[in-house]
Each structure stands twice: as C-alpha cells, then as structure tokens.
C-alpha cells in the first residue's frame, strides 16, 4: 500500500537536545512538506520541498532544519534553538508539482520536551 | 499576511441534520480552496476541493465558494456521529507560480445520536 510513514509516533526530548523526525513516502510524489500543529490550532508550515536537493522555508522555519537527498525521504530536525518544540508534527506530500492543495498526510509524530 | 478564519466551535448538531461549516479568507487573489477532516489525535485527510464559484457536491458533502465575499463553506447532509471531527479550511493562491496552503484553526463538529 502506498502512503507516508512517519517515525517515531511519540518522542520525548530533554531541553537542549536535537531530534530528527523521519518521513518516508512511496507515493512517487515530488513535493513534500512539514507542518506543526499545536492544540486548538491549525497547521503551520515549517519547510517544504518541491524536488530533490531543494527546499524552502515556510512560515515558522526558525529552529528547524531539513534535507531532501532522496525523493522518498524528507527528514526534519528539531534543534535546540527551537524555543517551544512540543507539538504534533505532520509530514505531507503532493502529487502535483507546483500545486500545494491536495495533500496526503502521514500519521504524525508527537514530540514532548521534558 | 494571509489569513483564514473559522469559528472554533464546537458546532453541535443532531444525527440526520445538516451541518454548516464556514470559512473566510483575507487574500482576494486566492484561487484554490480545500476542506480537510481531522479526527482527534489523527492526521488531516482531504475531503473536498473547490476552485470556482458555486457549489460542488460529493456524496453527503457540498462545498460552496463565493469569491466576491471571500467565503467558502462546507455542508454535510444527513450528519452522522462518525462525522464528529475538526474540519480545517485551507486556501492557496494557486495560479501561476508556486503557493503553499494556509490553514484555518478548524471548526469542531459534534454530531449527537
């Protein structure tokens, strides 16, 4: 079955530690995205990538980093510079390059900073 | 600053009723509009997209778009308890050039048996 796999589903981190969230898709989609969702809030875009080896900052990129070395993979690193990292992180992909509307989401990774 | 506004709810309707969810957006150049459903603790899933003024129907769901009023709505007919979820409105500039989605904060819908 095609889809997007995010891991881990739950992650606990101590303050000051970097953590990397994995996102893998086998949908052959060109575009991939990382969103953050806080309780009672909508989705806010962190980073997105339309093609391999290229990515752009979203609305809240500070304290995060990404890479896109393979079409299937778009990992997100939450660095110690991110002041309030506790959130639900969602990875998504889109089949239509240049069109961001019809997104397929992974199941999400819930990060808690202790 | 692009904004998408939704009433946070909860919107409570009895089973079998019509649920009406509303969304307004600030960027008059927006061209693509979407409704995503998100169950508690789960990720969003796309349920409707609409690109031109008027109504678009898909089963029990109808999306309505009025670009002059910068207003998009989602009607759910014959509401079922399984429709209880948060509904996210999302808007994109679309057209030529690349544009990302801007999401509203969502409206929680509760359908009581």
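Residue numbers (the working numbering), protein chains in the order written: chain L, 1 to 114; chain F, 115 to 227. The beta-carbon is built from N, C-alpha and C at its ideal position, and this holds for glycine as well.
Write down the C-beta distance between residue i and residue j rounded to the nearest angstrom, noting that I regard them as a contact closer than 8 Å.
| i | j | result |
| --- | --- | --- |
| residue 92/L | residue 37/L | In fact, because the Cβ distance is near 12 Å, the residues do not count as touching under 8 Å. |
| residue 192/F | residue 130/F | 6 Å |
| residue 120/F | residue 218/F | 4 Å |
| residue 85/L | residue 45/L | That pair is no contact at about 16 Å. |
| residue 21/L | residue 89/L | 6 Å |
| residue 102/L | residue 94/L | 6 Å |
For residue i, tell me which candidate among the options has the shortest Cα-Cα distance.
| i | options | result |
| --- | --- | --- |
| residue 82/L | 16/L, 49/L, 105/L and 95/L | 16/L |
| residue 162/F | 154/F, 219/F, 203/F and 124/F | 203/F |
| residue 73/L | 14/L, 5/L and 24/L | 24/L |
| residue 143/F | 226/F, 150/F, 224/F and 183/F | 183/F |
| residue 39/L | 122/F, 227/F and 196/F | 122/F |
| residue 27/L | 111/L, 113/L, 106/L and 110/L | 106/L |
| residue 124/F | 154/F, 221/F and 180/F | 221/F |
| residue 66/F | 195/F, 174/F, 196/F and 140/F | Any property of residue 66/F remains undetermined from this structure, which presents chain F solely from 115 to 227. |
| residue 48/L | 41/L, 42/L and 71/L | 71/L |
| residue 115/L | 94/L, 77/L and 6/L | Shown here, chain L extends from 1 to 114; a query on residue 115/L therefore has no answer. |
| residue 3/L | 102/L, 29/L, 109/L and 41/L | 29/L |
| residue 164/F | 157/F, 177/F, 155/F and 158/F | 177/F |
| residue 113/L | 62/L, 19/L and 75/L | 19/L |
| residue 225/F | 213/F, 214/F, 198/F and 205/F | 198/F |
Looking at chain L, is there any beta carbon in it that lies within less than 8 Å of the beta carbon of residue i?
| i | result |
| --- | --- |
| residue 138/F | no |
| residue 157/F | yes |
| residue 135/F | no |
| residue 160/F | yes |
| residue 143/F | no |
| residue 218/F | yes |
| residue 215/F | yes |
Cβ of residue i less than 8 Å from any chain F Cβ?
| i | result |
| --- | --- |
| residue 21/L | no |
| residue 108/L | yes |
| residue 101/L | yes |
| residue 114/L | no |
| residue 76/L | no |
| residue 63/L | no |
| residue 105/L | yes |
Would you say the beta carbon of residue i comes nearer than 7 Å to a heavy atom of the ligand MN?
| i | result |
| --- | --- |
| residue 166/F | In the structure on display, the ligand MN does not appear, and there are no ligands present to speak of. |
Given 8 Å as the limit, is there contact between the region 132 to 146 of chain F and the region 168 to 188 of chain F, that is, 3 or more CB pairs closer than that?
Two segments are said to touch when three or more pairs of C-beta atoms, one from each, lie closer than 8 Å; by this definition the region 132 to 146 of chain F touches the region 168 to 188 of chain F.
Note down, in chain order, all residues in the region 183 to 208 of chain F with a beta-carbon under 8 Å from any beta-carbon belonging to chain L. So the list reads 202, 204, 206 and 208, given in the order they occur along the chain.
**Report entry** Short-range partners of chain L found in the region 170 to 181 of chain F, where Cβ spacing is below 8 Å
**Finding:** Taking 8 Å as the cut-off between beta carbons, none of the residues of the region 170 to 181 of chain F comes near chain L.
Residues, ordered as in the chain, of the region 120 to 132 of chain F that lie near chain L by beta-carbon distance below 9 Å: Taking 9 Å as the Cβ-Cβ cut-off against chain L, the residues of the region 120 to 132 of chain F that qualify are 120 and 122.
Item to complete: Decide yes or no for the touch test of the region 57 to 77 of chain L against the region 30 to 49 of chain L: beta carbon pairs closer than 8 Å, at least 3 of them.
Response: The region 57 to 77 of chain L is in contact with the region 30 to 49 of chain L.
What are the residues in the region 36 to 56 of chain L lying within 8 Å of chain F by C-beta distance?
For the region 36 to 56 of chain L, which is checked against every Cβ of chain F, the residues closer than 8 Å are 40, 41, 42, 43, 44, 45, 48 and 50.
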